[in-house]
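**Student:** Residue numbers (UniProt numbering), protein chains in the order written: chain A, 1 to 450; chain B, 1 to 450.
There are 2 protein chains.
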Amino acid sequence: MSQIKILLDEHEIPTHWYNVVADMPNPPAPPLGPDGKPVGPEQLGAIFPPQLIEQEVSAERWIPIPEPVREAYRLWRPSPLYRARRLEEALGTPARIYYKYEGVSPAGSHKPNTALPQAYYNREAGVHRLTTETGAGQWGSSLALAGRLFGVDVRVYMVRVSYEQKPYRRSMMQTWGAEVLASPTDRTEAGRKVLAEHPDSPGSLGIAISEAVEEAATRDDTNYALGSVLNHVLLHQTVIGLEAKKQLEKAGEYPDAIFAACGGGSNFGGIAFPFLADKAAGREVRLVAVEPTSCPTLTRGHYAYDFGDTVGLTPLLRMYTLGHDFVPPAIHAGGLRYHGDSPLVSQLHAEGIVEAVAVPQVATFEAGVLFARCEGIIPAPESSHAIRACIDEALRCKETGEAKTLLFNLSGHGHFDMAAYDKYFSGELEDYEYPQEAIEAALERLPKVG
Amino acid sequence: MSQIKILLDEHEIPTHWYNVVADMPNPPAPPLGPDGKPVGPEQLGAIFPPQLIEQEVSAERWIPIPEPVREAYRLWRPSPLYRARRLEEALGTPARIYYKYEGVSPAGSHKPNTALPQAYYNREAGVHRLTTETGAGQWGSSLALAGRLFGVDVRVYMVRVSYEQKPYRRSMMQTWGAEVLASPTDRTEAGRKVLAEHPDSPGSLGIAISEAVEEAATRDDTNYALGSVLNHVLLHQTVIGLEAKKQLEKAGEYPDAIFAACGGGSNFGGIAFPFLADKAAGREVRLVAVEPTSCPTLTRGHYAYDFGDTVGLTPLLRMYTLGHDFVPPAIHAGGLRYHGDSPLVSQLHAEGIVEAVAVPQVATFEAGVLFARCEGIIPAPESSHAIRACIDEALRCKETGEAKTLLFNLSGHGHFDMAAYDKYFSGELEDYEYPQEAIEAALERLPKVG
Numbered sequence: 001m002s003q004i005k006i007l008l009d010e011h012e013i014p015t016h017w018y019n020v021v022a023d024m025p026n027p028p029a030p031p032l033g034p035d036g037k038p039v040g041p042e043q044l045g046a047i048f049p050p051q052l053i054e055q056e057v058s059a060e061r062w063i064p065i066p067e068p069v070r071e072a073y074r075l076w077r078p079s080p081l082y083r084a085r086r087l088e089e090a091l092g093t094p095a096r097i098y099y100k101y102e103g104v105s106p107a108g109s110h111k112p113n114t115a116l117p118q119a120y121y122n123r124e125a126g127v128h129r130l131t132t133e134t135g136a137g138q139w140g141s142s143l144a145l146a147g148r149l150f151g152v153d154v155r156v157y158m159v160r161v162s163y164e165q166k167p168y169r170r171s172m173m174q175t176w177g178a179e180v181l182a183s184p185t186d187r188t189e190a191g192r193k194v195l196a197e198h199p200d201s202p203g204s205l206g207i208a209i210s211e212a213v214e215e216a217a218t219r220d221d222t223n224y225a226l227g228s229v230l231n232h233v234l235l236h237q238t239v240i241g242l243e244a245k246k247q248l249e250k251a252g253e254y255p256d257a258i259f260a261a262c263g264g265g266s267n268f269g270g271i272a273f274p275f276l277a278d279k280a281a282g283r284e285v286r287l288v289a290v291e292p293t294s295c296p297t298l299t300r301g302h303y304a305y306d307f308g309d310t311v312g313l314t315p316l317l318r319m320y321t322l323g324h325d326f327v328p329p330a331i332h333a334g335g336l337r338y339h340g341d342s343p344l345v346s347q348l349h350a351e352g353i354v355e356a357v358a359v360p361q362v363a364t365f366e367a368g369v370l371f372a373r374c375e376g377i378i379p380a381p382e383s384s385h386a387i388r389a390c391i392d393e394a395l396r397c398k399e400t401g402e403a404k405t406l407l408f409n410l411s412g413h414g415h416f417d418m419a420a421y422d423k424y425f426s427g428e429l430e431d432y433e434y435p436q437e438a439i440e441a442a443l444e445r446l447p448k449v450g
Numbered sequence: 001m002s003q004i005k006i007l008l009d010e011h012e013i014p015t016h017w018y019n020v021v022a023d024m025p026n027p028p029a030p031p032l033g034p035d036g037k038p039v040g041p042e043q044l045g046a047i048f049p050p051q052l053i054e055q056e057v058s059a060e061r062w063i064p065i066p067e068p069v070r071e072a073y074r075l076w077r078p079s080p081l082y083r084a085r086r087l088e089e090a091l092g093t094p095a096r097i098y099y100k101y102e103g104v105s106p107a108g109s110h111k112p113n114t115a116l117p118q119a120y121y122n123r124e125a126g127v128h129r130l131t132t133e134t135g136a137g138q139w140g141s142s143l144a145l146a147g148r149l150f151g152v153d154v155r156v157y158m159v160r161v162s163y164e165q166k167p168y169r170r171s172m173m174q175t176w177g178a179e180v181l182a183s184p185t186d187r188t189e190a191g192r193k194v195l196a197e198h199p200d201s202p203g204s205l206g207i208a209i210s211e212a213v214e215e216a217a218t219r220d221d222t223n224y225a226l227g228s229v230l231n232h233v234l235l236h237q238t239v240i241g242l243e244a245k246k247q248l249e250k251a252g253e254y255p256d257a258i259f260a261a262c263g264g265g266s267n268f269g270g271i272a273f274p275f276l277a278d279k280a281a282g283r284e285v286r287l288v289a290v291e292p293t294s295c296p297t298l299t300r301g302h303y304a305y306d307f308g309d310t311v312g313l314t315p316l317l318r319m320y321t322l323g324h325d326f327v328p329p330a331i332h333a334g335g336l337r338y339h340g341d342s343p344l345v346s347q348l349h350a351e352g353i354v355e356a357v358a359v360p361q362v363a364t365f366e367a368g369v370l371f372a373r374c375e376g377i378i379p380a381p382e383s384s385h386a387i388r389a390c391i392d393e394a395l396r397c398k399e400t401g402e403a404k405t406l407l408f409n410l411s412g413h414g415h416f417d418m419a420a421y422d423k424y425f426s427g428e429l430e431d432y433e434y435p436q437e438a439i440e441a442a443l444e445r446l447p448k449v450g
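Structure below.
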């Protein structure tokens, strides 16, 4: 029997996160204030603790992981690396396919990798209360878990329509002791304003962000936590790639190409960045960010300064964007519906260092179902974007006869997404190509800088 | 950092299942036909393949696991053994608590441990089609997965009310390619009979069993598969205990007591039986089956011959029973609502070799939530019965100061049971003590033997 799972011992959990900034050809474009001037660390202090702000702007290659965070990581880390032998056979490809499985975390995705250190650093800074927003609940449940493990209270503003229609993630957050509010609430100015105009508002991620940020900014005892996009979030996620690298080494392999879904960028940055260090040193490895054709930020968006949120409360970030007033179409891969993208991923894409590809929805479910039938695990719809792109590459290898080594990030399981699978099986899912006019129109509404 | 996960390599997956019959003081009471005479292997041939029938009656201590089954086990086995350090701290107990986590299987529970070999042996016997029944869907999804991995078609008769109210497990079965029918159907005599009388019947597990067995018995190309109760099912589950034993050895431990939920018995037998061999050799170890007070089969039922199903189609099994016409009260630990119990577990209980304890529902959810808040993993409500009993023992250790080693089987995660958690948090769950009159009344309706 040849091995299919490559495991690491607990002591092999990385001791440091990898900071890609150290290996970028150019320093990251800074976030800007409404005046067009770079936002200083001090301005972020109202909602973030000092150590996270330091990480946000650091250029150090290696940032030590605090021992209590490594200790908590051990509840599920190191996560397994699998060789997808049954999938390879089903495809008839000479390629060797590996996947890193992050669905083994208690929350079922890679999100706790950053939720844990965020809760930890806040507690270390004497902050015992965090607010955040959540849509379908993947990030909210990860922060709820992290808050519980580090003794930090968590209040989650959950988009009302999800709160009502998707009670399971809500119950999960409550199981871990978080307080979950249906947003818009009457507890914030932002919420009250919305309710005054639309008493029956179903809420939106933009509104929920505004409520969570407002509360954190106006309460001394409370900070805010974000699940993607920012540099420190991607930094924390590099445990994925660092482990995968070590595991591939044990298998005597090095990847020719790496695939990960890309919404805000933490899933992609997490697995790809540690390999970028080698690429910077001359090694050949393709790093492919995979996004939906319904929200084609990297592949068709504008590389420009834009707001991180819908309302325009955040600093301006230089990133690929479809416009901060982008209204995402109804697609089930909820985690990939962000109008912008990580500034780090964006800059690396603009500089030609990482690639991006967009895939249509139905094809991602086809890939997810094929994967589940071969490998057992039912993937989250977000992860199925990576599977689709990896399968496409494996099929190209079949044509060319190349025995490439491929790696993708299986960022989560689909146990809370079975309603989407149900729609797929009943033929209700459709592909959606984001219209060119909307992309062009967004250009005009981008904020003027300076 | 002291280790919290004890892992095994893939080559350490057991090579043999352990057959407890070899170490029982008395041979198992045989199943009886309606005439009161033992049912011979040949009579089971209509619905089971020869190798499973052989295992059902075998007294050999070790039964080899076929290589293709071990190969498929590797998709998630060996499963991890955890030291529950955070739970120990929260309880302030001197006891050391370990748990074996079976929720890492793609189906989320221990059930695939037997679904895999059942699909395999059927295929080896030239049978490429299996029927089964499922209530909430845990067993049906496990057989769907197994059928997919071994190229066996699976038709699942799913209780109609679950089919309609719990679509997620249904979608899971479909993802793995199984055909799922809402039972009662008009495709079997049993189903048509029910529909003629009750066109709007919500179905029941009893009816679904009748439909699945009828189809298997009347079609040459089709066999039937059962997820618990029978000897061969418990045999396959012993991979759990065999691995746990090896893992505890690596930690330099031997358990003083082992706890597992007990419905049909496969969860309990799976973890406990391999330790019973040591007990038979004189070693002290308590083996505790934990059941709900709402369905107190082992603790308050009659040890007698009774039908395995509601309708009375199966042979008579000697087991603890609440009567085959038992109507389970509405409790969310669906997997523990069986009127009877494994004949092996029953006999060992009658002989005083294994213990049984019943716990009330609300206390199991309290235990499950405490566990989730300490260890991260959200347990299936069935598994929370074992957690409750283990916590109670750990609290006794706190009083006495005994540093006992405790082990329980975390047989599955609760991702598909969040609605039950929701009810718990909103205070809708109640305890239910099965009434004494009902137990006494059942005695009169037990079938006469011979």
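Ideal Cβ placement from N, Cα and C applies to all residues, glycine included.
1. Distance cutoff 8 Å, beta carbons only. Does A372(A) sit that close to anything in chain B?
2. Using a C-beta to C-beta distance shorter than 9 Å, which residues of chain B count as neighbours of P167(A)?
3. From the DSSP output, read off the bridge partner residues of G151(B).
4. Quick check on the burial criterion: 16 or more other C-beta atoms within 10 angstroms. Buried or exposed for D417(B)?
5. Go through its chain and collect everything with a Cβ distance to E60(B)'s Cβ below 7 Å, but skip five positions before and after it.
6. Using a beta-carbon distance cut-off of less than 8 Å, what residues from the region 3-31 of chain B approach chain A?
7. Are the Cβ atoms of H415(B) and G108(B) separated by less than 8 Å?
8. If contact is defined by three or more beta carbon pairs under 8 Å, each pair taking one atom from either stretch, is the region 395-406 of chain B in contact with the region 304-315 of chain B?
9. Flag T175(B) as yes if its beta-carbon sits less than 8 Å from any beta-carbon of chain A, otherwise no.
10. So, does the CB of H302(B) fall closer than 8 Å to a CB anywhere in chain A?
11. Which residues, in chain order, does the region 341-375 of chain B contribute to contact with chain A at a C-beta distance below 9 Å?
12. S171(B) CB to nearest chain A CB: under 8 Å?
13. Taking a Cβ distance cut-off of 8 Å, strictly less, list which residues of the region 116-145 of chain B are near chain A, in chain order.
14. Let me know the beta strand (DSSP E) ranges lying completely inside the region 154-180 of chain B, each 3 residues or longer, listed in chain order.
15. Quick one: what does DSSP say N26(B) is sitting in, helix, strand or coil?
16. Are P274(B) and G241(B) close, meaning C-beta to C-beta below 8 Å?
17. State the Cα-Cα distance for the pair P50(B) and P66(B), rounded to the nearest angstrom.
18. Give me the chain B residues within the contact set of F425(A), using Cβ-Cβ distance strictly less than 9 Å, ordered along the chain.
19. Of all Cβ atoms in chain A, is any one closer than 8 Å to the Cβ of R83(B)?
20. Roughly how many angstroms separate the alpha carbons of T114(A) and L234(A), rounded to a whole number?
21. Mind listing the chain B neighbours of L248(A)? Cutoff is C-beta to C-beta under 7 Å, in chain order.
22. R148(A) touches chain B at which residues, Cβ-Cβ below 8 Å?
23. Take E433(B) as the anchor and find which of M319(B), A358(B), F150(B), F425(B) has the nearest alpha-carbon.
24. Strictly under 8 Å for the Cβ-Cβ distance: is H415(A) near chain B by that measure?
25. In whole angstroms, what separates the C-alpha of I6(A) from that of K100(A)?
26. Which one of E124(B), G126(B), G147(B), R123(B) has the shortest CA to CA distance from E132(B)?
27. Determine the burial state of Q247(A): buried for a count of at least 16 other Cβ atoms within 10 Å of its Cβ, exposed for fewer.
28. When DSSP labels each residue in this structure, what does D278(B) get in the three-state scheme?
29. So is L75(B) in contact with chain A if we call contact Cβ pairs under 8 Å?
30. Could you work out which residue in F150(B), R85(B), E440(B), A46(B) is closest to R373(A) when comparing CA atoms only?
31. Could you list the residues in the region 103-116 of chain A with a C-beta less than 9 Å from some C-beta on chain B, going in chain order?
32. Between which two residues does the alpha helix (DSSP H) containing N113(A) stretch?
33. Between F371(A) and P379(A), how many whole angstroms is the CB-CB distance? I'm expecting something under 8 Å.
34. Against chain A, with Cβ distances strictly below 8 Å, would I378(B) count as a contact?
35. L406(A) lies in the beta strand (DSSP E); which residues open and close that run?
36. What number of angstroms, rounded off, separates the C-alpha of G270(B) from the C-alpha of E437(B)?
**Tutor:** If we stick to the structure as given:
1. Taking a beta-carbon distance threshold of 8 Å, A372(A) counts as an interface residue toward chain B.
2. Result: M418, A419, D422.
3. The secondary-structure analysis by DSSP pairs G151(B) with nothing; it has no beta-bridge partner.
4. By the neighbour-count rule (16 or more Cβ atoms within 10 Å), D417(B) is buried.
5. Excluding sequence neighbours, E60(B) sits near N19, A22.
6. So the list reads Q3, I4, K5, L7, D9, E10, H11, given in the order they occur along the chain.
7. When the beta-carbon positions are compared, H415(B) and G108(B) come within less than 8 Å of each other.
8. Taking a cut-off of 8 Å on C-beta distances, the region 304-315 of chain B does not touch the region 395-406 of chain B, as fewer than three cross pairs fall below it.
9. Yes, T175(B) counts as interfacial toward chain A.
10. No, H302(B) does not count as interfacial toward chain A.
11. For the region 341-375 of chain B, which is checked against every Cβ of chain A, the residues closer than 9 Å are G368, V369, A372, R373, C374, E375.
12. So yes, S171(B) belongs to the interface.
13. Answer in chain order: L145.
14. The region 154-180 of chain B contains no whole beta strand (DSSP E) run of 3 or more residues.
15. Judged by DSSP in its simplified three-state form, N26(B) adopts coil rather than helix or strand.
16. Against a cut-off of 8 Å, the Cβ pair of G241(B) and P274(B) comes out as a contact.
17. Approximately 15 Å, taken between the alpha carbons.
18. Residues of chain B passing the Cβ test: S171, Q174, T175.
19. Output row for R83(B): interface = no.
20. Roughly 8 Å between the two C-alpha positions.
21. The premise fails here: L248(A) is roughly 17 Å from chain B at the closest Cβ pair, so nothing lies under 7 Å.
22. Neighbours of R148(A) in chain B, taken as residues whose beta carbon is under 8 Å from its own, are R373 in chain order.
23. Per the C-alpha coordinates, the member of M319(B), A358(B), F150(B), F425(B) positioned closest to E433(B) is A358(B).
24. Under the Cβ distance rule, H415(A) counts among the residues neighbouring chain B, one pair being separated by less than 8 Å.
25. Whole-angstrom Cα-Cα distance: 10 Å.
26. A small correction: the amino acid at residue 132(B) is Thr; Glu does not occupy that position in the sequence shown. Closest by alpha carbon: G147(B).
27. Under this definition Q247(A) is a buried residue.
28. If DSSP states are grouped into helix, strand and coil, D278(B) belongs with the helices.
29. True, the Cβ-Cβ gap to chain A drops below 8 Å.
30. Ranking F150(B), R85(B), E440(B), A46(B) by Cα distance to R373(A) puts F150(B) first.
31. Contact annotation: in the region 103-116 of chain A, residues whose CB is within less than 9 Å of a CB in chain B are V104, S105, P106, A107, G108, P112.
32. For N113(A), the enclosing alpha helix (DSSP H) stretches over residues 112-124.
33. 6 Å between Cβ atoms; contact.
34. Answer yes: the Cβ-Cβ gap between I378(B) and chain A drops below 8 Å somewhere.
35. Secondary structure note for L406(A): its beta strand (DSSP E) is the uninterrupted segment 405-410.
36. Roughly 33 Å separates the two Cα atoms.
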